[in-house]
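Counting from 45, one number per residue, gives the positions in the sequence shown under the working numbering.
C-beta: ideal position from N, C-alpha, C; glycine also.
Remember, it's a predicted structure, so these values are computed and weren't measured experimentally.
What follows is one structure encoded as structure tokens, with my remarks underneath.
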Amino acid sequence: DIRRWINEWNKNPKPFVWTKTADDILDTLAAYCTRINDSGH
């Protein structure tokens, strides 16, 4: 049950921490878009 999981998680919450910069994420996204755009489908 998702509500039970949420309640358990919220007993000891941990903040989300970004591990990449926005530029890193955008670079990865641009490379992915180029790759799928050239796929020929």
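| query | In this structure, does DSSP put TRP62 in helix, strand or coil? | reply | Coil at TRP62, not helix or strand.
| Limits of the alpha helix (DSSP H) - the one that ASN54 falls within | 46 to 55
| query | Per DSSP, what kind of secondary structure is ASP82 in: helix, strand or coil? | reply | coil
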